[in-house]
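Take -8 as the starting number for the sequence shown in the numbering used here and just add one per residue.
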Amino acid sequence: MRVLSRVLIVVAGVALSSGHACPSVAVSQDASVLVTRTLKNLGTQGCLSDEGQDIAAVDECAAGSTRQQWDVSGPAIAQRLRNVATGQCLSDGGEGVAVMGPCGEPPHVEPASLWVGTGPEGARQFRNLVTGQCLAAIPGITVAVIGQCSDATNQQWGTAG
């Protein structure tokens, strides 16, 4: 995890002090709006999945699979992606891999599990709030990856079904 210089960010109910080790981020409970989605990668056509392992996957989309359904909560500047089947949250685990782990509950949410959602609804990009890296999929690889953000379709996520 990369720590920025001493900066305090306070936006729409989210506070992150990057100058100190911060075990959690305060998120206002009323800032959470919950939507359940199946996230489909526009580049690979695979769906983001939690197969019960520590690492997030991108697999062939399966209609109705709760392992491919994600509760998306919070404002666009600090969204949390919680898997419906496992209750685990998507995080930037470092090393270029998206991992699954505890979410924390409002008002204390794990910082690495917060994502900035940008772009139109059918082509969202998810940038990690802590690392600034983006969620991506690579053709032929079933592991969800994290990398430098770009306009590539493998970093754009729509909804399946």
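Yeah, the Cβ is synthetic: ideal placement off N, Cα and C, and Gly gets one too.
Only a predicted model underlies this, so the values are computations on that prediction, with no experimental measurement involved.
For residue i, the residue or residues it bridges with in DSSP
| i | result |
| --- | --- |
| D83 | A89 |
| N74 | W61 |
| L39 | V49 |
| I137 | L126 |
| L25 | The partner list for L25 (beta bridge, DSSP) is empty, contrary to what the question assumes. |
| L105 | R71 |
| G95 | V100 |
| N145 | BP columns for N145 are empty, so no partner. |
| L33 | Partner(s): none; L33 has no beta bridge. |
Supposed contact pair residue j and residue i - C-beta distance, whole angstroms, cut 8 angstroms
| i | j | result |
| --- | --- | --- |
| A69 | L120 | 6 angstroms |
| T109 | L33 | Not quite, the Cβ-Cβ distance comes to about 14 angstroms (not below 8 angstroms), so this is no contact. |
| V26 | S40 | Incorrect: roughly 18 angstroms between the Cβ atoms, too far for contact. |
| R71 | L105 | 6 angstroms |
| S82 | E96 | With 8 angstroms as the limit, S82 and E96 do not qualify as a contact, their Cβ atoms being about 15 angstroms apart. |
| R28 | T150 | 5 angstroms |
| Q116 | G138 | Q116 to G138, Cβ: 12 angstroms. No contact. |
Start and end residues, beta strand (DSSP E) containing residue i
| i | result |
| --- | --- |
| N119 | 116 to 119 |
| T150 | 148 to 150 |
Is the segment 125 to 144 close to the segment 88 to 102, with three or more CB pairs under 8 angstroms? yes
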